[in-house]
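Chains Z and P, in that order, give the protein sequences. Counting from 115, one number per residue, gives the positions in the first sequence under this note's numbering. Counting from 22, one number per residue, gives the positions in the second sequence under this note's numbering.
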Amino acid sequence: MISRLAAMIRKECSQLFRDVPILLFVIWAFTGAVYTGGHGMGAELRDYPALVLDLSRSAESRELLSRFRAPYFRIVGYAGSDAELVRWLDGGRASLAIVVPPDFERRAQRGGARFQVISDGSQSMSATIAGAHIASIAGRYSVELLEARLGGARGRLPQVDARVRVEYNPNLVETWFSGLLEVLNQVTMIAMLLAAAAMVRERERGTLEHLLVTPLRPWELFAAKVIPVVVLVPLAALGSVFGIVHGVFGTPIRGSVALFYAVSVVYVFALASLGLAIAMLARNLGQAMLLLLLILYPMMLLSGAFTPPESMGAFMRYASLASPVRHYVDFGYQVLFKGNGLAYVWADIVGILVLGVALFTISIRRFARLTR
Amino acid sequence: MRRLPGDRALAIARKETRQLLRDPAYLGLAIVVPLLLILLLGYQLSLDVKGLLVAVVDHDRSRWSREYVDGLVHSEYFRLVGMLDSPEEAREWVRSGRARVVIDIPPDFGRRLSAGRPATLGVTVDGSFPARGQIGTGYVEAINALYNQRLLREHLARHGAGDDRLWPVQMELAVWYNPTLESKNFIVPGMLVVILMIFPPLLSALLIVRERESGTILNLYCSPAGRWDILAGKALPYVAVSFLDFLLIFAASIWLFRVRFVGAVWVLVAGALLYSVCTVGLGLLISTLTRSQLAAMLATFLGAVAPAFTFSGIFTPPASLDAVGRFVSRLIPATYFMDIVRGSYLKGGGVVAYVPSLLILMLYCVVIYVAAWLALRKRLG
Numbered sequence: 115m116i117s118r119l120a121a122m123i124r125k126e127c128s129q130l131f132r133d134v135p136i137l138l139f140v141i142w143a144f145t146g147a148v149y150t151g152g153h154g155m156g157a158e159l160r161d162y163p164a165l166v167l168d169l170s171r172s173a174e175s176r177e178l179l180s181r182f183r184a185p186y187f188r189i190v191g192y193a194g195s196d197a198e199l200v201r202w203l204d205g206g207r208a209s210l211a212i213v214v215p216p217d218f219e220r221r222a223q224r225g226g227a228r229f230q231v232i233s234d235g236s237q238s239m240s241a242t243i244a245g246a247h248i249a250s251i252a253g254r255y256s257v258e259l260l261e262a263r264l265g266g267a268r269g270r271l272p273q274v275d276a277r278v279r280v281e282y283n284p285n286l287v288e289t290w291f292s293g294l295l296e297v298l299n300q301v302t303m304i305a306m307l308l309a310a311a312a313m314v315r316e317r318e319r320g321t322l323e324h325l326l327v328t329p330l331r332p333w334e335l336f337a338a339k340v341i342p343v344v345v346l347v348p349l350a351a352l353g354s355v356f357g358i359v360h361g362v363f364g365t366p367i368r369g370s371v372a373l374f375y376a377v378s379v380v381y382v383f384a385l386a387s388l389g390l391a392i393a394m395l396a397r398n399l400g401q402a403m404l405l406l407l408l409i410l411y412p413m414m415l416l417s418g419a420f421t422p423p424e425s426m427g428a429f430m431r432y433a434s435l436a437s438p439v440r441h442y443v444d445f446g447y448q449v450l451f452k453g454n455g456l457a458y459v460w461a462d463i464v465g466i467l468v469l470g471v472a473l474f475t476i477s478i479r480r481f482a483r484l485t486r
Numbered sequence: 022m023r024r025l026p027g028d029r030a031l032a033i034a035r036k037e038t039r040q041l042l043r044d045p046a047y048l049g050l051a052i053v054v055p056l057l058l059i060l061l062l063g064y065q066l067s068l069d070v071k072g073l074l075v076a077v078v079d080h081d082r083s084r085w086s087r088e089y090v091d092g093l094v095h096s097e098y099f100r101l102v103g104m105l106d107s108p109e110e111a112r113e114w115v116r117s118g119r120a121r122v123v124i125d126i127p128p129d130f131g132r133r134l135s136a137g138r139p140a141t142l143g144v145t146v147d148g149s150f151p152a153r154g155q156i157g158t159g160y161v162e163a164i165n166a167l168y169n170q171r172l173l174r175e176h177l178a179r180h181g182a183g184d185d186r187l188w189p190v191q192m193e194l195a196v197w198y199n200p201t202l203e204s205k206n207f208i209v210p211g212m213l214v215v216i217l218m219i220f221p222p223l224l225s226a227l228l229i230v231r232e233r234e235s236g237t238i239l240n241l242y243c244s245p246a247g248r249w250d251i252l253a254g255k256a257l258p259y260v261a262v263s264f265l266d267f268l269l270i271f272a273a274s275i276w277l278f279r280v281r282f283v284g285a286v287w288v289l290v291a292g293a294l295l296y297s298v299c300t301v302g303l304g305l306l307i308s309t310l311t312r313s314q315l316a317a318m319l320a321t322f323l324g325a326v327a328p329a330f331t332f333s334g335i336f337t338p339p340a341s342l343d344a345v346g347r348f349v350s351r352l353i354p355a356t357y358f359m360d361i362v363r364g365s366y367l368k369g370g371g372v373v374a375y376v377p378s379l380l381i382l383m384l385y386c387v388v389i390y391v392a393a394w395l396a397l398r399k400r401l402g
């Protein structure tokens, strides 16, 4: 029995390792894709393109405008007229316009100065954050003007100074986050794709019939399809974490790599089972692919990486518990990035185990039906 | 009988259509899956960050500290998850993810403020998800600024200088294009772009390589059909499927999700047609370059789908990507279609504004099909 299984695994491995394009794509997924992905997913406000229409042209307006600076804002141009401002915003070259009226200087000294901010709401999230930042800019500037007006009252006014300290990623470097997220997502995708593909290929070529008339048991067939994926993908993930995420992006890896690897093996096993189950439903590669996407995208969007779970609706929050990706992403960040141990991530591991057993059971039962 | 130009392409198109129609499960999936995705995402995905978990360590327990905390938790942006006793406990909560923001109020907070002096407090933010950390920081700072304004006004009123009209600088915020700042108004059109970059190229990527795998490609090699005939004939039915997907998603976005639409429908339709031709062509190009269906699928996935998802500007305006990101975003057609889609839905304006994007999409089509023509050799081996 062992030799039977070993022979089958050997066949699967050589099939996988002789398929040069596939190997190249797996390599790309864990190197190039992680590198480019690390540069893309910035949902945070950075260099938000702002346009200025300064009708006051005074020291006060310049002082105000100088506060729209990096890292949050970048002034991309100066408009001379309303029409020009509309053109910039319509064309999407600026996402924000700051209009300082002609009487700004006079009023800033006496009180009651106003400036207008026109925000492109089509990116509602960025617009919201930008609004919050501008509100604090206006507030802080007002306080300084007041202090000056009250004659050097600096430090003698009742003001709260909120000293913000950011843990784990003090400069909020986006690539630290998105590089790691990209690795975790690639693990999810590649595990499902490779397993599903290995099965669909047999079906399409008709070689599944050959396998079924051999003494091979269904569970042995299942194991032979899953094991190469379970060996390859977690190792590739580790390589990517150290080579790209840590090596290129400089993300600190604070936690236990062994724990990450162990749980990744279980996770890849679960997702490869899911991939096989899908492959059993499909008649050809095209169908399998569409089914995969139908499951993959909702699972990834529920992962909590796009929206924090606490901001989701109640239904989505519970639905997200059924997404293995959510547990894995949370686990990955906690262990690798925050350096948390078992005491913190046991719930995620339980989630992955429960979902893994469920997926495995569904999948193996479909396999058992093959021989009937 | 004289041959009409293009009738060979039409014959191939007819064959592909028939093949598609005889695999109803496949065709059904190709139409239903995109629609299901948009329904799921449109109804449930919200990118609004609200109700961030905040914990408070209040060493002061005065009227002032209570008011400060009330100001935070009565906004929709924060939800109070606990009043803790020590900073160590708070750090533990951030570490385990039970709180994303911790406010640490020192014992002399209220005393200093009531004496008319400045006070400090500590805010700890979990930065492991930078976007969330930044939003948390931004919200705290904005609410802090509001609180400070109120403090100052009260202080000035007590000293006889309190006149609201005298507040130095006030911001007036006007939101254009999406005045209610609803995320569906940008997610649903954005998903339209991404979904049309996922399914049409994945379907068409299998077209030529499938014939190569099953050996029927020889029939095409021996037929009088030229390379253009093959490409056009294979592309046509899939452009039609892609366009059908577009119409369905467009209809759902308008009637089901009630997304704002202020632009010209025909500009969007023209853009969608060009984009469909382009995405199907991209799939065909990949199909001519690969040797197995699986490789074609993976190449499409990594080469077309993933970049569209990351760089088209669905979540981030391309202008705020870093240099690498901006460069990639200019290379992919999804960015230009995104411009047309977002513009048509939310901004309106004349055709003139969209001419550059339409032209670039056209250029893409030409380049992609010429590349596919060059790559498609009627040769063995």
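Glycine included, each C-beta is placed from N, C-alpha and C at the ideal position.
Alpha-carbon to alpha-carbon, residue j and residue i
{"i": "Z:SER128", "j": "P:GLY304", "result": "28 Å"}
{"i": "P:ILE229", "j": "P:PRO245", "result": "17 Å"}
{"i": "P:SER225", "j": "P:SER297", "result": "11 Å"}
{"i": "P:ARG82", "j": "P:GLY103", "result": "14 Å"}
{"i": "P:PRO139", "j": "P:LEU57", "result": "55 Å"}
{"i": "P:TYR160", "j": "Z:VAL379", "result": "39 Å"}
{"i": "P:PRO26", "j": "P:LEU265", "result": "26 Å"}
{"i": "P:GLU234", "j": "Z:ILE248", "result": "59 Å"}
{"i": "P:CYS299", "j": "P:PRO354", "result": "8 Å"}
{"i": "Z:TRP202", "j": "Z:ILE189", "result": "12 Å"}
{"i": "P:ILE126", "j": "Z:ASP204", "result": "45 Å"}
{"i": "P:PHE99", "j": "P:LEU289", "result": "39 Å"}
{"i": "Z:VAL214", "j": "Z:ARG171", "result": "8 Å"}
{"i": "Z:LEU259", "j": "Z:ALA276", "result": "19 Å"}
{"i": "P:GLY3", "j": "P:ALA285", "result": "Since the first and last residues shown for chain P are 22 and 402, residue 3 of chain P lies out of range."}
Of the residues the options, the one placed nearest residue i, counting alpha carbons only
{"i": "Z:ASN454", "options": "Z:VAL140, Z:ARG397, Z:ILE367, Z:PHE474", "result": "Z:ILE367"}
{"i": "Z:ILE116", "options": "Z:ARG331, Z:SER477, Z:SER250, Z:LEU406", "result": "Z:ARG331"}
{"i": "Z:SER292", "options": "P:THR321, P:GLU203, P:PRO151", "result": "P:PRO151"}
{"i": "Z:PRO438", "options": "Z:ARG315, Z:ALA351, Z:LEU473, Z:MET394", "result": "Z:LEU473"}
{"i": "P:ILE59", "options": "P:THR311, P:ILE251, P:LEU277", "result": "P:LEU277"}
{"i": "Z:VAL140", "options": "P:LEU395, P:TYR357, P:PHE322, P:ARG347", "result": "P:PHE322"}
{"i": "Z:SER256", "options": "Z:ARG224, Z:ALA246, Z:ILE232, Z:GLY235", "result": "Z:ARG224"}
{"i": "P:PRO45", "options": "Z:SER250, Z:ASN398, Z:ARG279", "result": "Z:ASN398"}
{"i": "Z:VAL148", "options": "Z:ILE358, Z:PHE420, Z:ILE476", "result": "Z:ILE358"}
{"i": "Z:THR365", "options": "Z:THR302, Z:GLU288, Z:ILE251", "result": "Z:GLU288"}
{"i": "Z:VAL471", "options": "Z:TYR381, Z:LEU415, Z:ARG440", "result": "Z:TYR381"}
Residue burial classification, residue i (beta-carbon count within 10 angstroms, cutoff 16)
{"i": "P:THR201", "result": "exposed"}
{"i": "Z:THR328", "result": "exposed"}
{"i": "Z:ARG176", "result": "exposed"}
{"i": "P:ASN334", "result": "Checking the sequence, you will find Gly at residue 334 of chain P rather than Asn. Its Cβ being crowded by 16 or more others within 10 Å, P:GLY334 is buried."}
{"i": "P:ARG171", "result": "exposed"}
{"i": "Z:GLU318", "result": "buried"}
{"i": "Z:PHE356", "result": "exposed"}
{"i": "P:HIS95", "result": "exposed"}
{"i": "Z:GLU334", "result": "buried"}
{"i": "Z:ASN285", "result": "exposed"}
{"i": "P:TYR375", "result": "buried"}
Worksheet item: Of all the residues that make up the segment 352-363 of chain Z, which are near chain P by a beta-carbon distance shorter than 8 Å?
Response: none
Fill in: chain Z contacts from the segment 147-162 of chain P (Cβ-Cβ distance under 7 Å)
ASP147, GLY148, SER149, PHE150, PRO151, ALA152, ARG153, GLY154, GLN155, ILE156, THR158, GLY159, TYR160, VAL161, GLU162
Worksheet item: If you measure beta-carbon to beta-carbon, which residues of the segment 239-265 of chain Z are closer than 9 Å to chain P?
Response: MET239, SER240, ALA241, THR242, ILE243, ALA244, GLY245, ALA246, HIS247, ILE248, ALA249, SER250, ILE251, ALA252, GLY253, ARG254, TYR255, SER256, VAL257, GLU258, LEU259, LEU260, ARG263, LEU264
Item to complete: May I ask you to list, following chain order, the residues of the segment 128-156 of chain Z that have a beta carbon less than 7 Å from some beta carbon of chain P?
Response: Listed by position, the residues of the segment 128-156 of chain Z near chain P (Cβ gap below 7 Å) are PRO135, ILE136, PHE139, TRP142, ALA143, ALA147, THR150, GLY151, HIS153, GLY154, MET155, GLY156.
Discussion item. Output needed in chain order: residues of the segment 26-50 of chain P with a Cβ under 8 Å from some Cβ in chain Z.
Written reply: ASP44, ALA46, TYR47, LEU50
Item to complete: Check whether the segment 130-147 of chain P touches the segment 188-199 of chain P, taking contact to mean three or more Cβ pairs, one atom from each stretch, closer than 8 Å.
Response: no
Fill in: Cβ pair count under 8 Å reaching 3, the segment 432-452 of chain Z against the segment 293-301 of chain Z
yes
Discussion item. Does the segment 212-219 of chain P come into contact with the segment 262-273 of chain P, if we say contact requires no fewer than three beta-carbon pairs (one atom in each stretch) closer than 8 Å?
Written reply: Three or more beta-carbon pairs drawn from the segment 212-219 of chain P and the segment 262-273 of chain P are found closer than 8 Å, and the two stretches are therefore classed as touching.
Discussion item. Does the structure place the segment 383-391 of chain P close enough to the segment 286-300 of chain P that three or more beta carbon pairs sit under 8 Å?
Written reply: yes
Worksheet item: Of all the residues that make up the segment 271-289 of chain P, which are near chain Z by a beta-carbon distance shorter than 8 Å?
Response: none
Item to complete: Give, in chain order, every residue of the segment 237-268 of chain P whose Cβ lies closer than 9 Å to some Cβ of chain Z.
Response: none
Worksheet item: In chain order, what residues of the segment 400-418 of chain Z put their CB closer than 8 Å to some CB of chain P?
Response: GLY400, GLN401, MET403, LEU404, LEU405, LEU407, LEU408, TYR411, PRO412, LEU415
Worksheet item: Are the segment 391-400 of chain Z and the segment 309-326 of chain Z touching, with three or more C-beta to C-beta distances below 8 Å?
Response: yes
Practice prompt. Spell out a yes or no on whether the segment 390-400 of chain P and the segment 248-255 of chain P are touching, meaning 3 or more CB-CB pairs, one atom from each, closer than 8 Å.
Written response: The segment 390-400 of chain P is in contact with the segment 248-255 of chain P.
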